[in-house]
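K.L.:
Before we start, here is the structure in question, set down as structure tokens.
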Amino acid sequence: MDETTLYRKRKRPAEAFLLSAVYGAASVSVMLLCGMIGYLFFRGAGAVSWRFLTTVTDVAKKTSGIAGNMINTLYIAALTLLAAIPLGVGAAVYLSEYAKPGKLVNLIVFTTETLAGIPSVLFGLFGMGFFGETLGLGYSLLTGALTLALMVLPLIVRNTQEALRAVPEGYRSGALGLGASRFYMIRTVLLPAAMPGILTGVLLSVGRIVGESAALLFTAGSDGHLPKPGGSAFGTIRSLGEKMLESGGTLAVELYLQVQNGRYETAFGIGCVLIAAAFGLNLLVKLAAVRLRNRA
Amino acid sequence: MEKSRISVRNLNLYYGTNHALKDVSLEIRGSAVTALIGPSGCGKSSFLRCINRMNDFVEGVRVEGKVLLDGENLYDRRVDATLLRKKVGMVFQRPNPFPMSIYDNIVYGPRLHGIRARQELDGIVEETLREAALFGEVKDRLKKSALALSGGQQQRLCIARALAVRPEVLLMDEPTSALDPVSTRKVEELIRNLKKKYTVVIVTHNMQQAARVCDDTAFFLAGELVESGPGDVLFSRPKDRRTREYIAGRFG
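Which chain is which? The protein sequence lines are F and V, in order.
Going by the numbering used here, the first sequence opens with residue 28, and the numbers climb by one from there.
Going by the numbering used here, the second sequence opens with residue 38, and the numbers climb by one from there.
In structure tokens form, the structure reads like this:
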């Protein structure tokens, strides 16, 4: 063999094969996803109309719409995050900035990880028993939201912890060296620096909230009505407050019920709305993360 | 010798069972640059961190002995660590600007210590950036991210940030070890100017640097203070054999 030339005689076959294999895997993955979304739109787009989005299902008026479910979804998502973000971020800050590394911290981390692996239907069962019966909150948006808060807590804790771990040590010593207390340092330097990571946790949580049905069926129920019109700003707030303690089904729950009743077109229609919502939320959080990074 | 600003008396420092500083006593003059030299792990950085109690944040650390600043013992229980660190600022080995604008980096300390008035903060920013010889380079982009600056500029920004709380003592932990020669020279020039207003204590690996910037030098070895005194004397006529060998480059 001529050893002096650097020119390759031929492509190595193993390498060429591996290259085409990974290309193939990538294209199949993308096609599967696109295909699924396309199929959902194909089956469901016909059901989506302005009326469908803005009216409430009513047997007497013979209307079929999901406005109430959309409001319920937003409401539950807001309530859940309101409970889960402070709790989760607080716990993560404690674990990574205050707690001495050791058995207790390991135990807490292990527990959160286990919590993340529990099937959602069990959260539903627990939420129904504890929040619904023991605390007397009944079938209500609040019971549902508290149950979901438990469910997404590990996501927020884990992502916040990871984000805090990625903050350079120099930021901490820099702030402490100027005389900042640990709390001041966390509030002004650490949390802003960790914000993109925290937002990732929030985004994953929103995804789970919007897509959850099993845990909510037992806790928030399936009512699809809109909150009673308040008439005034104060009335609206009061009506929303009352709604918190009433039953309400989210889009995913409604989808499940529609399938059970054999109304597939409506179910696919709700699927389209869910995909659009997921896409929109993703975009929103991505934008927020980019803006935060640019500001830094 | 002039009256000393900081006196360290029989200082012992332990990290768990590791005895990192052994009975160190040292007088540090005001309005002068004192360089702490010695091989890696000799305790010079630990010593520096005792002067603004940054060791407080290290798990399992124990300090015995006294560090007096203008006659007040820093390790007295009544000492407020926030006020101490306002008076004794610190610059670190790696430039560590916060992920904020240049302006917000500088005013971080003043805001922390309660200054809110916009005009006053603006004044502090310009003044300290001038002091750190950085104002000309960044005056048009004060609102831009500090992370976009070069390493040398970042380090001068960190010096300006430390000066913004009006400290009296400035501790510098190998402030040029992450910088290129040109930036190093700028920072050294800066240090020589700073001693007019501040008491500067600097840890350095680089003996030429110590000789260039310092008035006094202290040589540490294995947790002990071997020798200290005016820099020119210590470098030209070291008393201790170990100092002589270290300066000659025989170890470390």
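Glycine included, each C-beta is placed from N, C-alpha and C at the ideal position.
1) Taking buried to mean at least 16 other C-beta atoms within 10 Å of its own C-beta, is D141/V buried or exposed?
2) How is M137/V classed by DSSP in three states: helix, strand or coil?
3) Listed from N- to C-terminal order along the chain, which residues in the stretch 133-150 of chain V have their beta-carbon within a distance smaller than 7 angstroms of any beta-carbon of chain F?
4) DSSP beta-bridge partners for P267/V?
5) Does DSSP put S123/F in a helix, in a strand, or in coil?
6) Going by the CB atoms, is the gap between L166/V and I143/V shorter than 8 angstroms?
7) Taking a Cβ distance cut-off of 8 angstroms, strictly less, list which residues of the stretch 72-105 of chain V are near chain F, in chain order.
8) A248/V to K127/F, Cα distance in whole Å?
9) Does the pairing of the stretch 249-263 of chain F with the stretch 206-215 of chain F give three or more beta-carbon distances under 8 angstroms?
10) Would Y24/V be called buried (16 or more neighbouring beta carbons within 10 Å of its own) or exposed?
11) Check whether the stretch 124-135 of chain V touches the stretch 95-103 of chain V, counting contact only when three or more Cβ pairs, one atom from each stretch, lie closer than 8 angstroms.
12) I want to see whether chain F comes within less than 8 angstroms of Y51/V, judged by CB atoms only; does it?
13) Checking contacts by CB at 8 angstroms: is R114/V closer than that to chain F?
14) One question on the structure: do I394/F and I112/F come within less than 8 angstroms of each other, judged by their Cβ atoms?
15) From the beta carbon of M209/V, is the nearest beta carbon of chain F less than 8 angstroms away?
16) Buried or exposed: where does Q156/V fall if 16 or more other Cβ atoms within 10 Å of its Cβ makes it buried?
17) Against chain F, does V202/V count as a neighbour if the rule is that its beta carbon must be under 8 angstroms from one of theirs?
18) On a Cα-Cα basis, can you pick out the residue from V194/F, R37/F, G275/F, T187/F that is closest to G251/F?
19) Mind checking whether A72/V and C195/V have CB atoms under 8 angstroms apart?
20) Tell me, which residues are paired with R99/V by DSSP?
21) Within its chain, find whatever has a CB closer than 6 angstroms to the CB of G7/V; leave out the 5 residues flanking it on each side and keep chain order.
22) Starting from V122/V, find everything on chain F with Cβ-Cβ shorter than 7 angstroms and list it in chain order.
23) According to DSSP, is S82/V part of a helix, a strand, or is it coil?
24) Is there a C-beta anywhere in chain F that falls below 8 angstroms from the one on R131/V?
P.N.:
In short, the structure shows the following:
1) buried
2) coil
3) N133, F135, P136, M137, Y145, G146, L149, H150
4) Paired residues: D253/V.
5) helix
6) yes
7) N89, M91, F94, E96
8) Cα-Cα distance, rounded: 42 angstroms.
9) no
10) Since the first residue of chain V shown is 38 and the last is 289, residue 24/V is not available in this structure.
11) no
12) Not one chain F Cβ lies under 8 angstroms of Y51/V.
13) no
14) An answer regarding residue 394/F cannot be provided, because it is not within the stretch 28 to 323 covered by chain F.
15) no
16) Result: exposed.
17) yes
18) G251/F has its Cα closest to that of G275/F, out of V194/F, R37/F, G275/F, T187/F.
19) no
20) In DSSP, R99/V forms a bridge with Y51/V.
21) Residue coverage of chain V in this structure runs from 38 to 289, which leaves residue 7/V outside it and unanswerable.
22) A quick correction: the sequence has Arg, not Val, at residue 122/V. Result: G204, L205, G206.
23) helix
24) yes
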